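Numbering (the numbering used here), first residue to last: 105 to 207.
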C-alpha cells in the first residue's frame, strides 16, 4: 500500500516572506496615517470610536502586510483615514494632501 503525502490545507498559516504581503493596503495605510500626523495609537483610537476593538499590534501587522484585511475592516479604515477604497487598494492615486513623504 502506497502512502500519500498530505497536502497542506489551503487555510494553513503561511510564514511571512518579504514581498509576499497578505494584504494590498498596508503600505498605504501607513502612508496616510503618517500624512495625518497620527501614531498607530491615534489610529487605534479613531477605529475604537467606530466600534472596532483593535490594538497597535494589529495595526502594525496590517501595515507590514502580515495580516489579511477583511472587507468590513477595509471599509472602516477608509472611513477613518478619509480615503476611498480604490485609493487604499492602489487603483487610484491618493489626494495630493496625502502624498507627503513618510516623516
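Backbone N, C-alpha and C define an ideal beta-carbon position, used for all residues, glycine too.
Nothing here was measured: the structure is a model prediction, and the numbers come from that model.
Query                                                                                                            : Result
Cα-Cα separation, residue 157 to residue 151                                                                     : 7 Å
Runs of alpha helix (DSSP H) lying entirely within the segment 121-165, each at least 4 residues, in chain order : 130-139 and 144-153
Beta-carbon spacing of residue 136, residue 202 below 8 Å                                                        : yes
Coarse secondary structure for residue 173, derived from DSSP in three states                                    : coil
Same chain, Cβ closer than 6 Å to residue 147, five either side skipped, listed in chain order                   : 137 and 163
Whole-angstrom C-beta distance between residue 125 and residue 169, which should lie under 8 Å                   : 3 Å
Assigned exposure category for residue 153 - 16 Cβ within 10 Å defines buried                                    : exposed
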